[in-house]
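>
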Amino acid sequence: MLTEHLQKLKMAGALGALNDLKSITNPEDFASGLLNAEWLYRQDRSRLRKLSQAKFPLRKEWSQWDQKLNPRIPINKIESVATNSLIDQKRNLCFIGGQGTGKTHCLIAFGTEMCRQGYSVRFFTACKLVNALEEARSQNQLSRFMQNIQKVQLLIIDELGYIPFSQSGSRLLFDVFSSRYEQGSIAISSNLSFEKWTEVFGAVELTAASVDRFTHLCEIFTFEGESVRLRSAREHIQQRRAKK
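Positions 1 to 244 (our numbering) are the ones given, in order, by the sequence shown.
(1) Could you give the DSSP three-state label for R59: helix, strand or coil?
(2) Taking the alpha-carbon of A209 as reference, which of L58, F165, S179 has the nearest alpha-carbon?
(3) Could you tell me which of G118, T83, T104 sits nearest to S52, measuring between CA atoms?
(4) Ordered along the chain, which non-local residues of its own chain (more than five positions away) have a Cβ less than 7 Å from that of N70?
(5) Whose CA, out of L21, Q64, G169, lies closest to the CA of E199?
(6) Do the stretch 180-189 and the stretch 90-98 make contact, defined as three or more Cβ pairs closer than 8 Å?
(7) In terms of DSSP beta bridges, what is A187 paired with?
(8) I need the boundaries of the alpha helix (DSSP H) containing E113, first residue and last residue.
(9) Around the Cβ of A37, are there at least 16 other Cβ atoms within 10 angstroms (buried) or fewer (exposed)?
(10) Do the stretch 120-140 and the stretch 155-164 meet, that is, are 3 or more Cβ pairs less than 8 Å apart?
(11) Can you tell me whether G98 is buried or exposed? The criterion is at least 16 other CB atoms within 10 Å of its CB, across all chains shown.
(12) From N84 to D212, what does the alpha carbon distance come to, in whole angstroms?
(13) Near A67, what residues of its chain come up, given a Cβ to Cβ distance below 8 Å and the 5 sequence neighbours on each side ignored?
(14) With DSSP as the reference, identify every bridge partner of V121, one or two as the case may be.
(15) Do L21 and L40 have their beta-carbon atoms positioned less than 8 Å apart in this structure?
(16) Expressed to the nearest angstrom, what Euclidean distance is found between the alpha-carbon atoms of E296 and T207?
(17) Kindly indicate which three-state DSSP category I220 falls into: helix, strand or coil?
(18) Considering Cα atoms alone, identify which of F177, F123, T104, L133 is closest to W65.
(19) Mind checking which residues open and close the alpha helix (DSSP H) that includes R49?
(20) Touch check for the stretch 22-32 and the stretch 54-63: three-plus C-beta pairs under 8 Å?
(21) Taking the alpha helix (DSSP H) that A14 falls in, what are its first and last residues?
(22) By DSSP, does Q64 sit in helix, in strand, or in coil?
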């Protein structure tokens with residue numbers, strides 16, 4: 001009877017724990033055990049769902065960071081800042097530096113941890129975000145798309161500055177920045193310093209307004225050093241030569 005009720009209530013977590021809890025004779029402890037198992041199950045399902053909805057292109061964790069590859073990156077300080085407090089306070093995060101210095105790794109690691117803590121996260125490259133905005137506008141779905149973006153607690157925009165946008169695309173990206181100003185967190189990586197963001201937004205006035213809104217409540221880190229990928233490739237080649 002209990003199994004049937006749990007199935008009808010779709011309490012898969014409690015159902016899965018039923019056999020382990022049958023030895024508990026106290027009714028209150030038994031009920032508490034079932035509810036706790038269901039709560040843990042739903043928490044785990046929620047975390048997995050949020051990780052899926054975030055659309056991360058790769059799996060990256062803080063624990064995977066190899067400080068030896070780029071000792072100039074203050075990873076401990078970044079981890080201490082990139083926490084749920086940043087999202088709760090609707091602050092922003094920015095990583096600026098050359099290609100291959102670990103910016104994307106840190107963005108994904110931060111987003112992954114926030115998903116595990118129950119926050120909604122969405123990852124885009126800047127190019128894909130602008131393309132999605134322009135496509136939504138062409139299909140008369142821009143308002144709906146912007147509303148969905150606005151609901152996300154942490155919006156991650158990677159590779160800002162790698163590809164210039166059209167005037168209309170730049171304006172749409174500016175609208176995203178404006179809509180989230182003091183309303184939701186944005187985490188960005190860019191290969192361009194702020195004074196060069198005109199290469200992204202084009203017009204000086206639009207660039208100034210975008211930078212002003214984004215940096216008002218923002219933690220900024222500069223990623224220095226050589227490309228981790230280039231360094232790893234060079235070391236791999238050297239190892240192969242040494243074996244010959």
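Note that beta-carbon positions come from the ideal geometry of N, C-alpha and C, so glycine has one too.
A quick look at the data gives this:
(1) Indexing the sequence shown from 1 puts residue 59 at position 59. Correct three-state label for R59: coil.
(2) As a position in the sequence shown, residue 209 is number 209, starting the count at 1. Ranking the options by Cα distance to A209, first place goes to S179.
(3) As a working mapping, residue 52 is identified with position 52 in the sequence shown. Ranking the options by Cα distance to S52, first place goes to G118.
(4) The residue labelled residue 70 in the question sits at position 70 within the sequence shown. T101, G102, G225, V228, listed in sequence order.
(5) As a first step, residue 199 must be located in the sequence shown, where it is residue number 199. Among L21, Q64, G169, the Cα nearest to that of E199 is on G169.
(6) yes
(7) Residue 187 sits at position 187 when you count from the first residue of the sequence shown. Bridge partners of A187: L93, I156.
(8) In the sequence shown, the residue the question calls residue 113 occupies position 113. From DSSP, the alpha helix (DSSP H) with E113 extends over 103-116.
(9) Within the sequence shown, numbered from 1, the residue matching residue 37 stands at position 37. When all chains shown are included, A37 counts as buried.
(10) yes
(11) One-based indexing of the sequence shown puts residue 98 at position 98. That one is exposed.
(12) Within the sequence shown, the letter at position 84 stands for residue 84. Within the sequence shown, the letter at position 212 stands for residue 212. The straight-line gap from Cα to Cα measures roughly 23 Å.
(13) Translated into positions along the sequence shown, residue 67 becomes position 67. Before going on, a small fix: residue 67 reads as Gln here, not Ala. Closer than 8 Å at Cβ, skipping near neighbours: I73, I75.
(14) Here residue 121 refers to the residue found at position 121 of the sequence shown. Paired residues: L154.
(15) Against the sequence shown, residue 40 aligns to sequence position 40. Against the sequence shown, residue 21 aligns to sequence position 21. No; because the gap between Cβ atoms is not below 8 Å, this pair is not in contact.
(16) Within the shown structure, residues of the chain are numbered from 1 to 244, placing residue 296 beyond reach of any answer.
(17) Mapped onto the sequence shown, residue 220 falls at position 220. In the structure shown, I220 sits in a strand (DSSP, three-state: E or B).
(18) Your numbering for residue 65 matches position 65 in the sequence shown. Ranking F177, F123, T104, L133 by Cα distance to W65 puts T104 first.
(19) Translated into the one-based positions of the sequence shown, residue 49 becomes position 49. That run of the alpha helix (DSSP H) goes 27-54.
(20) no
(21) Within the sequence shown, the letter at position 14 stands for residue 14. Per DSSP, A14 belongs to the alpha helix (DSSP H) from 12-21.
(22) If you number the sequence shown from 1, residue 64 lands on position 64. Helix, per DSSP.
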